[in-house]
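Before any comments, here is the structure.
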Amino acid sequence: MSNARTVAPGEKPFVDFTAEAQDADHFLFFESLNLELKLPNIAGWQVTKFHVLLGVAAIVTATVLVWLGRRMRSGAPPRGVAQGAAESIVYFVRDQIARPAIDHDDGHGHVHHDGDKFVPFLTTTFLFILVANLLGKIPFLGSPTASIAVTAALSLVVFLYTHYSGVRQNGLAGYLKSYVPHIHLEGGVGFKIFGLALTLLMLGLELLTPFIRAFVLAVRLFANMLAGHVAVFVLLFFIQMVAREDWLAYNNAPRALYYAVAPLSVVIVTGLSLLELLVAGLQAFIFTLLTAIFIGLARHPAH
Numbered sequence: 062m063s064n065a066r067t068v069a070p071g072e073k074p075f076v077d078f079t080a081e082a083q084d085a086d087h088f089l090f091f092e093s094l095n096l097e098l099k100l101p102n103i104a105g106w107q108v109t110k111f112h113v114l115l116g117v118a119a120i121v122t123a124t125v126l127v128w129l130g131r132r133m134r135s136g137a138p139p140r141g142v143a144q145g146a147a148e149s150i151v152y153f154v155r156d157q158i159a160r161p162a163i164d165h166d167d168g169h170g171h172v173h174h175d176g177d178k179f180v181p182f183l184t185t186t187f188l189f190i191l192v193a194n195l196l197g198k199i200p201f202l203g204s205p206t207a208s209i210a211v212t213a214a215l216s217l218v219v220f221l222y223t224h225y226s227g228v229r230q231n232g233l234a235g236y237l238k239s240y241v242p243h244i245h246l247e248g249g250v251g252f253k254i255f256g257l258a259l260t261l262l263m264l265g266l267e268l269l270t271p272f273i274r275a276f277v278l279a280v281r282l283f284a285n286m287l288a289g290h291v292a293v294f295v296l297l298f299f300i301q302m303v304a305r306e307d308w309l310a311y312n313n314a315p316r317a318l319y320y321a322v323a324p325l326s327v328v329i330v331t332g333l334s335l336l337e338l339l340v341a342g343l344q345a346f347i348f349t350l351l352t353a354i355f356i357g358l359a360r361h362p363a364h
């Protein structure tokens, strides 16, 4: 998608700094050369670039996990860097995310490793988001996880799966009952009325909590991924800005400014891009960790 629209003579150009987070029915590789790959419309359903990128992420995730599952099922020791790295991800999710967030101590010194049941779901979530984040780092493709629509869909899946897990563990009645706070006040009628009012108020807040969690989960991933793309775009835009003769003349700036800004912007963008690779993994980890925490809270309510 182009990040600038056609303007009338004398009108200031409009630059869209969030172009990477916008879906489109085509891939635009070089705007100045107008190299465009149009995506097909299949029986009235328009394929978009985010459909393609998310499809690629899903295929990569499924391929890696199915291949790894078959290797691990055989019982043979890991062979090669690829299998070692893939198994490391699985064990990392199990030992650093699933078990700490979902395992339950029954109060008698026995820990139930409930988290192991959710390692497949959490590993799939982690790897899918990681691949989608990394695809967004490839020039000209766009970033699906920098779109609130995509992260909201991911958050909706977590929202539904979390409540399903809670109901399956506690039963529908028991799970709904866990949202009712237990407030007991000693005293007369006035205290009982106050306690009832406080209970209803807390119940309303408890019922809102899952929706707030889902909203925060979606916004957190979206905002962090979008911020990185915007920062890179702005720094690169400085080069285009100081290359314009009219901008230099208007600001009474020397032509040499371009030769100072361009190399500096490239160096900073290179460093920021390397940092964004770390952010891609970090945000996948945080999303998966919060998912595990929400599942643990649903299965083992605090009250």
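In the numbering used here, the protein residues as written are 62 to 364.
For every residue, glycine included, the Cβ atom is placed at its ideal position computed from N, Cα and C.
For residue i, the residue or residues it bridges with in DSSP
| i | result |
| --- | --- |
| Leu98 | Phe88 |
| Asp164 | According to DSSP, Asp164 bridges with nothing at all. |
Among the options, nearest to residue i - alpha-carbon criterion
| i | options | result |
| --- | --- | --- |
| Ala275 | Asp175, Thr212, Val241 | Thr212 |
| Gln344 | Tyr320, Val250, Leu188 | Leu188 |
| Thr25 | Leu202, Met302, Arg281 | No answer is possible for residue 25: the residues shown for the chain start at 62 and end at 364. |
| Thr331 | Asn312, His361, Leu358, Leu297 | Leu297 |
| Phe348 | Ala162, Phe294, His112, Phe111 | Ala162 |
| Met286 | Val117, Glu337, Thr223 | Glu337 |
| Lys178 | Arg131, Ala258, Gly136, Ala159 | Ala159 |
| Arg360 | Pro139, Leu237, Asn194, Asp307 | Leu237 |
| Leu269 | Ala310, Val228, Phe220 | Phe220 |
| Phe299 | Leu309, Arg316, Val322 | Val322 |
| His243 | Leu233, Asp175, Gly256 | Gly256 |
| Ile199 | Phe90, Pro362, Asn312 | Phe90 |
| Lys99 | Lys110, Trp106, Ala210 | Lys110 |
| Gly357 | Ala234, Leu261, Thr223 | Thr223 |
| Ala214 | Leu259, Ala146, Leu350, Val277 | Val277 |
| Ala82 | Asn95, Ala310, Ala146, Ala210 | Ala210 |
| Pro362 | Val180, Gly136, Pro271, Thr124 | Pro271 |
| Phe346 | Asn194, Thr260, Tyr311 | Asn194 |
| Phe201 | Leu325, Leu335, Asp84, Gln157 | Asp84 |
| Phe182 | Leu259, Ala123, Gln301 | Ala123 |
| Leu350 | Pro138, Gln157, Pro101 | Gln157 |
Whole-Å CB distance - residue i paired with residue j, under 8 Å assumed
| i | j | result |
| --- | --- | --- |
| Ala279 | Ser226 | No, Ala279 and Ser226 are not in contact; Cβ-Cβ is about 19 Å, not under 8 Å. |
| Gly289 | Val340 | 6 Å |
| Glu148 | Leu129 | 7 Å |
| Ala292 | Leu333 | 6 Å |
| Leu114 | Leu196 | 5 Å |
| Val250 | Leu264 | Actually they do not touch by this definition, with Cβ atoms about 21 Å apart. |
| Glu97 | His87 | 5 Å |
| Gln144 | Arg131 | Rounded, the Cβ-Cβ distance is 11 Å, inconsistent with contact. |
| Asp175 | Asp164 | 6 Å |
| Val295 | Tyr319 | The Cβ separation is near 17 Å, so there is no contact. |
| Leu325 | Arg316 | Not quite, the Cβ-Cβ distance comes to about 16 Å (not below 8 Å), so this is no contact. |
- Item | Secondary structure, alpha helix (DSSP H): runs of 4+ residues fully inside the region 103 to 136 | Whole alpha helix (DSSP H) segments, 4+ residues: 110 to 134.
- Message: For the region 183 to 201 against the region 145 to 153, do three or more pairs of beta-carbon atoms, one drawn from each stretch, fall closer than 8 Å, so that the two count as touching?
- Response: yes
- Task: Quick one: which unbroken beta strand (DSSP E) runs of 3-plus residues sit fully inside the region 276 to 363? Chain order, please.
- Result: none
- Query: Is there contact here, the region 114 to 121 with the region 200 to 211, by at least three beta-carbon pairs under 8 Å?
  - Reply: yes
- Sequence ranges, alpha helix (DSSP H) only - wholly within the region 168 to 204, length at least 4: 180 to 196
- Could you name each continuous alpha helix (DSSP H) segment of 4 residues or more that falls completely within the region 218 to 274, going from the start of the chain to the end? 233 to 238
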